[in-house]
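Numbering-wise, UniProt numbering puts 99 at position 99 of the sequence shown, and it's gapless, one number per residue.
Beta carbons: idealized from backbone N, C-alpha and C, even for Gly.
One structure below.
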Amino acid sequence: MSETGRGSDIRPRRLRTSPAMRRLVAQTSVEPRHLVLPVFVADGIDAPRPISSMPGVVQHTLDSLRAAADEAVAAGVGGLMLFGVPRPEDKDATGSGADDPDGILNRALRALRDDLGDSTVVMADTCLDEFTDHGHCGVLDDHGRVDNDASVERYVSMAVAQAQAGAHLLGPSGMMDGQVGAIRAGLDDAGLHDTGILAYTAKYASAFYGPFREAVGSTLQGDRRTYQQDTANRGEAMRELELDLAEGADIVMVKPAMSYLDIVRDVANVVDVPVAAYQISGEYAMITAAAERGWIDRDAAIVESVTSIRRAGASIVLTYWATELATRLL
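Written as structure tokens, this is what we have:
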């Protein structure tokens, strides 16, 4: 306390006295435009198929995808990230369905771009894991290991097909060395200069991806620790960041989000491009399961979790609650 005795008059609680006061002085905001809705579209189904480990999330048909996209755009979300789920019999060792113009993901991209034009940002997951029969994010060599350079070649072909189908942004998520630069060169060579790259810059080998594996019908045996980042490493993310920026990434992303808020902040502190973070399936499932048991306030937990990602420095948040939350924010 000062000699004047005025120290006792300093009361930070004055700025917390009402919802209106708290809203006035809030240092972090969540707006619909900050949110991106990840969506799954499956081939060979005639009705949306629930994902048991992600209550409220489904594998869409093309028709239900279009309806969900319309709803999201009406709520003001910033964009949609599409994941394709081919029929099991269409998967093979090289993920040939990934760059097939008639593959499920490319058909879905064309449908949404035809419907929505430039009224939202249509994004595509640029990875092979949904399309390979072995479930890895790339092609395998003769020893069963993921071949980095051969996988990157497949990513380039996939990226060009997705851009031609109408994607505004491509999301290379395989964590192969050199993937961003190769995709940028491939897009430019094809005259697709306006298609951007949302790089999965720091993608960690997380236990929280479990429900996603169900969502995309993954056939993965083993794990992806030889190419996704080790959860113990923080500085390594900065090295990946420098490489992706040098190779031409337009947006950089950290995945998962909630367990890696320190990485989100590290990245946000040093870049001058937008930073995205992905609130992944396991993070969604934990909150949903706890809320179903009455252990937490579901609506409050959704807002708090997404706000924490924004507060850490993400300007874009991928979340399965994007439409719901955007509607509440309108």
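Residue i: first and last residue of the uninterrupted beta strand (DSSP E) it sits in
i    : result
I197 : G196 to K203
F83  : G79 to V85
Helix, strand or coil at residue i according to DSSP, with G and I counted as helix
i           : result
V121        : strand
S64         : helix
G313        : coil
T226        : coil
I45         : coil
residue 342 : This structure cannot speak to residue 342, because the chain is shown only from 1 to 330.
R99         : With the sequence shown as reference, residue 99 is identified as Asp, and Arg is not the correct amino acid for it. D99: coil per DSSP, three-state reduction.
R16         : helix
P50         : strand
I251        : strand
T126        : strand
V146        : strand
D141        : coil
D39         : Reading off the sequence, residue 39 comes out as Val, not Asp. Three-state result, V39: strand.
V58         : strand
A90         : The amino acid occupying residue 90 in the given sequence is Asp; Ala does not appear at that position. Residue state, collapsed to three classes: helix.
T323        : helix
T288        : helix
T132        : strand
L220        : coil
L192        : coil
L330        : coil
Cβ-Cβ distance between residue i and residue j below 8 Å
i    : j    : result
A276 : M258 : no
A111 : V139 : no
G210 : S53  : yes
G173 : Y200 : The sequence given here places Ser at residue 173; Gly does not occur at that position. Result yes, Cβ atoms of S173 and Y200 sit closer than 8 Å.
M238 : D266 : yes
V156 : A124 : no
S206 : T231 : yes
V57  : A215 : yes
R13  : D43  : no
R113 : V122 : yes
I251 : L198 : yes
P32  : A300 : no
D115 : A69  : yes
T61  : G135 : no
P256 : F208 : yes
A202 : E240 : yes
Y284 : Y260 : no
T132 : G95  : yes
V146 : G178 : no
For residue i, the first and last residue of its enclosing alpha helix (DSSP H)
i           : result
M176        : First-last for M176: undefined, no H or E at that position.
A277        : Where A277 is concerned, there is no enclosing alpha helix (DSSP H), although the beta strand (DSSP E) it sits in stretches over V275 to Y278.
I263        : L261 to V270
residue 332 : Residue 332 falls outside the range modelled here, since the chain spans only 1 to 330, and no answer is possible.
D115        : I104 to L116
F212        : G210 to A215
Best match in the options for proximity to residue i [C-alpha to C-alpha]
i    : options                   : result
A185 : H168, T201, S206 and A159 : A159
G313 : R213, T132, L170 and V273 : V273
A190 : A161, I45 and H34         : A161
G171 : V152, G196, D147 and A150 : G196
Y278 : I10, D129 and L35         : L35
L330 : D9, I10, V30 and R11      : V30
- Meets three-Cβ-pair contact criterion under 8 Å: the stretch 10–23 and the stretch 80–95: no
- Counting pairs of Cβ atoms below 8 Å between the stretch 59–68 and the stretch 31–41, do you hit three or more? yes
- Task: Please confirm if the stretch 98–116 is in contact with the stretch 151–169, defined as three or more CB-CB distances below 8 Å between the two stretches.
- Result: Cβ pair count under 8 Å is three or more, so yes.
- Is the stretch 302–317 close to the stretch 227–245, with three or more CB pairs under 8 Å? no
- Could you tell me whether the stretch 283–292 touches the stretch 238–250, where touching means 3 or more Cβ pairs closer than 8 Å? no
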